[in-house]
Amino acid sequence: MANEPATQTTARAAAEPRPADVSRSSKRRPFRSVVWRRELTKLLILVAVGALLGSFFGRSLLGCTLALSAYLAVHLRYLRSLRQWLAAPKLNPLPEPSGIWGEVFEALLALERRNRKRKKKLAEILAEFQASTAALPDGAVVLGEHGIILWFNRAAQAMLGLRPSHDVGIRVANLIRHPTFTQYIASETYEGEAEVPSPINRAVSLALRIIPYGNNQRLMIVRDVSEIRRLETARRDFVSNASHELRTPLTVLRGYLDMLDPETREGRGLAAWRMPVSEMRQQAARMESLINDMLKLARLESDVYEHKQELLDASALLHRAVEEGRAMSAGQHRFEASIQPGLKLYGRETEALSIFSNLITNAVRYTPAGGSIRVNWWDDDDGAHLSVADSGIGIAEDDIPRLTERFYRVDVGRSRASGGTGLGLSIVKHALERHEGTLRIESELGVGTTFFCDFPPHRAHRDESSPALGARAS
Numbered sequence: 001m002a003n004e005p006a007t008q009t010t011a012r013a014a015a016e017p018r019p020a021d022v023s024r025s026s027k028r029r030p031f032r033s034v035v036w037r038r039e040l041t042k043l044l045i046l047v048a049v050g051a052l053l054g055s056f057f058g059r060s061l062l063g064c065t066l067a068l069s070a071y072l073a074v075h076l077r078y079l080r081s082l083r084q085w086l087a088a089p090k091l092n093p094l095p096e097p098s099g100i101w102g103e104v105f106e107a108l109l110a111l112e113r114r115n116r117k118r119k120k121k122l123a124e125i126l127a128e129f130q131a132s133t134a135a136l137p138d139g140a141v142v143l144g145e146h147g148i149i150l151w152f153n154r155a156a157q158a159m160l161g162l163r164p165s166h167d168v169g170i171r172v173a174n175l176i177r178h179p180t181f182t183q184y185i186a187s188e189t190y191e192g193e194a195e196v197p198s199p200i201n202r203a204v205s206l207a208l209r210i211i212p213y214g215n216n217q218r219l220m221i222v223r224d225v226s227e228i229r230r231l232e233t234a235r236r237d238f239v240s241n242a243s244h245e246l247r248t249p250l251t252v253l254r255g256y257l258d259m260l261d262p263e264t265r266e267g268r269g270l271a272a273w274r275m276p277v278s279e280m281r282q283q284a285a286r287m288e289s290l291i292n293d294m295l296k297l298a299r300l301e302s303d304v305y306e307h308k309q310e311l312l313d314a315s316a317l318l319h320r321a322v323e324e325g326r327a328m329s330a331g332q333h334r335f336e337a338s339i340q341p342g343l344k345l346y347g348r349e350t351e352a353l354s355i356f357s358n359l360i361t362n363a364v365r366y367t368p369a370g371g372s373i374r375v376n377w378w379d380d381d382d383g384a385h386l387s388v389a390d391s392g393i394g395i396a397e398d399d400i401p402r403l404t405e406r407f408y409r410v411d412v413g414r415s416r417a418s419g420g421t422g423l424g425l426s427i428v429k430h431a432l433e434r435h436e437g438t439l440r441i442e443s444e445l446g447v448g449t450t451f452f453c454d455f456p457p458h459r460a461h462r463d464e465s466s467p468a469l470g471a472r473a474s
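Position 455 of the sequence shown, counted from 1, bears residue number 455 in full-length UniProt numbering, the numbering being contiguous throughout.
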């Protein structure tokens, strides 16, 4: 009972309109009722006066008609004024009548004032956006439907040679005529970046990225990556040149070490040098292997890519890589190979063999003696697939994403002791990318690791005599 008065008060408060509601309803109600009643009263009085005047001449109906015509003429006059104002508001100001037209004109003027304020605010926002993007070091180009240029900043103007007076309204694909960019913008997925030379300076490399936003609009970001590419080229050249320079003296060193090998010489004078010479030969061989891998990686990372492809007998290459793995294993591991005969691959032989050999030798290095290594090669509707599985030590989940980094080793001591350079999987990754393939890694500590190489369907080719699609041959 104590809460009842409060409840009733709350109910009454909820039922009573708020001040804002009262003001809105008080503004709407006259327009709906009072104004219309006045207009209707005015019309009835006008018709009555017309009928009364017409009755003096015995023409009451004619008097009503003339009164209605006069009423209609007034409305037509205001309609004409409204049309002229809508066509040119500044040249044709609205009249200030009373009654229903006064309410209509007042509402239109209020709406027009609100639109002016909104337009001014949008103009300020646009000016702020243009000022901020104009200060960016990267180029910014706003594209509309079909890639039409709507706006660009000063950086884009300098990088692409755009002219505000000529190029606004032109399709960007008509100004940047490069196959890479044409394919990039036609895909409409805009994944990654398109790298093209500048239209005004072929020595300048530009990275173009398109970001969709709003209603069928796009923002194209333009970055000058010339310095980055120059540094990458310098790095590759340094690695390649340094490797070549080291190769010659290393070959001479290995030759003399072979001559000093006590196993190839008679007499006991060199017996004391047996261990030092053997160690030097191993280190020289390891350095030579490292240099060869660095040269391979430098070639794979080179911008100069020979697109000429040949149809490779991948089955034969895999058998060759498996035999190399057996020789390296020296009978310490059990090999199982399930290689589909007749399944070929479009690519380059040296790079494909590098993929196969690196994966198999990697399995040999990280699988303890007595373990097993399984190699499978097959195809299906998704393309050709290679898997190399071992029963080795396995790889921690946190290490898997970094396995293809240069010189990354999960177990540094074990990798060096087994002769690994730390570049094998990086070579596999880059060679796969050149063949449009992908590398997948599945591993469990203490159980083993499986490497999968997936090649797209257009890279695979099966002979007519090969087994049915997806079958595996032992």
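Where a beta carbon is used, it is the ideal one built from N, C-alpha and C, also for glycine. Bear in mind the structure is a predicted one, so any value in this text is a computation, not a measurement.
Short check: CB of residue i to CB of residue j, under 8 Å?
i	j	result
V252	L359	no
V388	V375	yes
F356	L297	no
G347	H435	yes
L423	M328	no
L143	A155	no
L62	G54	yes
L231	E288	no
L425	T404	yes
G99	R37	no
W85	L76	no
L52	Y71	no
S443	I400	yes
L386	C453	yes
Buried or exposed, going by whether 16 or more other CB atoms sit within 10 Å of the CB of residue i?
i	result
G169	exposed
Y256	exposed
N174	exposed
N153	buried
F238	exposed
K119	exposed
E323	exposed
residue 519	In the structure displayed, the chain extends from 1 to 474; residue 519 sits before or after that span and is not available.
T41	exposed
R414	Only weak support exists for where R414 lies, its pLDDT of 49 falling under 50; the value from the coordinates is given anyway. Answer is exposed; the Cβ neighbour count stays below 16.
L206	buried
residue 479	The shown model of the chain, from 1 to 474, leaves out residue 479, and the question about it has no answer.
P30	Any reading at P30 must be qualified, since the residue scores a pLDDT of 44, below 50, and its modelled position is unreliable; no value is offered.
Q8	Per-residue confidence for Q8 stands at a pLDDT of 38, beneath the threshold of 50, marking its modelled position as unreliable; no derived number is given.
G214	exposed
A321	buried
L432	buried
S69	exposed
A123	exposed
F455	buried
S187	exposed
For the putative contact between residue i and residue j, defined by C-beta atoms under 8 Å, what is the C-beta separation to the nearest angstrom?
i	j	result
L219	A158	Rounded, the Cβ-Cβ distance is 18 Å, inconsistent with contact.
L343	W377	6 Å
R459	A396	With a Cβ gap of about 32 Å, R459 and A396 do not count as contacting.
L311	H461	6 Å
I373	G325	7 Å
I379	Q340	Residue 379 is actually Asp in this sequence, not Ile. Contact flag correct, Cβ pair sits at about 7 Å.
R171	G147	5 Å
I185	I210	7 Å
State the DSSP-derived secondary structure class of residue i, mapped to helix, strand or coil.
i	result
S205	strand
E167	Correcting the residue type first, residue 167 is Asp in the shown sequence and not Glu. D167: helix per DSSP, three-state reduction.
Y78	helix
H461	strand
K344	strand
A284	helix
G383	strand
D237	helix
T450	strand
L122	helix
F129	helix
I176	coil
K27	Confidence in K27 is poor, its pLDDT being 44 and thus under 50, which makes the residue's placement unreliable; the coordinate value appears in the next sentence. Reduced to three states, the DSSP call for K27 is helix.
L317	helix
S338	strand
F455	strand
L143	strand
L111	helix
D303	Any reading at D303 is ruled out, since the residue's pLDDT is 48, under 50, leaving its predicted position unreliable.
D258	helix
Is there a C-beta anywhere in chain B that falls below 8 Å from the one on residue i?
i	result
L246	The structure shown contains no chain B; it holds only a single protein chain.
Flag residue i as yes when its Cβ comes closer than 7 Å to any non-hydrogen atom of the ligand GDP, and as no otherwise.
i	result
D138	Of the ligands one can find in the structure shown there are none, so the ligand GDP has no counterpart to examine.
Note to self: Three Cβ pairs or more, each shorter than 8 Å: is that satisfied between the region 213-231 and the region 148-168?
What the structure shows: yes
Margin query: When you compare the region 443-460 with the region 391-405, are there three or more beta-carbon pairs, one atom per stretch, that lie closer than 8 Å?
Written below: yes
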